[in-house]
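*Asks:*
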Amino acid sequence: MVVGGEETLRTLADLAASSSPPCSRLQSILQAIHDRHPHYEWVGLYLLRGQELVLGPYVGAPTDHTRIPVGVGVCGTAVATGRNQVVHDVLKLDNYLACSASVRSEIVVLIRDAGRLLGQIDADCDQVGAFDASDEAFLEQVAALIAPLLRVGYP
Ligand code: SME
Numbered sequence: 000m001v002v003g004g005e006e007t008l009r010t011l012a013d014l015a016a017s018s019s020p021p022c023s024r025l026q027s028i029l030q031a032i033h034d035r036h037p038h039y040e041w042v043g044l045y046l047l048r049g050q051e052l053v054l055g056p057y058v059g060a061p062t063d064h065t066r067i068p069v070g071v072g073v074c075g076t077a078v079a080t081g082r083n084q085v086v087h088d089v090l091k092l093d094n095y096l097a098c099s100a101s102v103r104s105e106i107v108v109l110i111r112d113a114g115r116l117l118g119q120i121d122a123d124c125d126q127v128g129a130f131d132a133s134d135e136a137f138l139e140q141v142a143a144l145i146a147p148l149l150r151v152g153y154p
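Residues in the sequence shown are numbered consecutively from 0, following my numbering.
1) Evaluate E105 with the Cβ neighbour count: other Cβ atoms within 10 Å of its Cβ, from every protein chain shown; 16 or more gives buried, anything less gives exposed.
2) For R103, which three-state DSSP category applies?
3) Evaluate the contact criterion for the region 20-38 versus the region 65-85: three or more CB pairs, one atom per stretch, below 8 Å.
4) Which same chain residues end up closer than 6 Å to L90 when comparing Cβ atoms and leaving out the 5 residues on each side of it in sequence?
5) What are the boundary residues of the beta strand (DSSP E) that includes Q140?
6) What does the Cβ neighbour count give for Q119, buried or exposed, with the cut at 16 atoms within 10 Å?
7) Is the distance from the Cβ of A122 to the Cβ of W41 below 8 Å?
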């Protein structure tokens with residue numbers, strides 16, 4: 000659950016509006032989410048390239064999942080269905096790609112720009128049920144902030 004999301008969003012809006020290069024702004028935005036909301040133990044972006052998701056900037060442990068086919072895992076399912084994914088307990092999923100054995104819950108929120116799917120925000124936590132509707136609403140506002148940066152920084 001997100002506590003203080005409105006204050007974080009004000010900070011993220013300032014970061015998004017800075018004069019730094021788009022990729023630096025995106026990294027700073029992810030770092031701010033990670034630092035202000037402890038349950039975002041891993042938070043990153045996947046960019047949609049054809050029928051594949053390609054890992055972009057992230058904060059947290061390195062992952063082997065740098066390319067994910069649409070339809071595979073939680074990330075690929077979000078794109079295939081066109082719907083955000085809020086997973087209470089990843090161990091109950093059949094279609095899941097484990098980044099580490101300790102992860103128990105995950106959220107994926109799609110990033111769209113003028114109706115076009117650009118990619119997604121993905122976050123993991125080692126606690127079961129760490130993410131809920133407040134996280135989805137928070138990340139949908141983050142997605143709206145970063146969509147223009149993706150359009151420029153990762154065309
Ligand atoms: N768990 C994701 C893969 C990405 S790692 O979490 C960074 C999935 O099942 O698609």
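Backbone N, C-alpha and C fix where the C-beta goes; we use that ideal spot for every residue, glycine too.
As the structure is a prediction and not an experimental result, all values here were calculated from the model.
*Replies:* Reading it off the structure:
1) E105 comes out buried.
2) Looking at R103 - three-state DSSP - the assignment turns out to be coil, as it is neither helix nor strand.
3) Touching, no.
4) Within the same chain, L90 has no close Cβ partners at all.
5) First-last for Q140: A132 to G152, but that is the alpha helix (DSSP H), not the beta strand (DSSP E).
6) Under this definition Q119 is a buried residue.
7) With contacts defined by Cβ atoms closer than 8 Å, A122 and W41 form a contacting pair.
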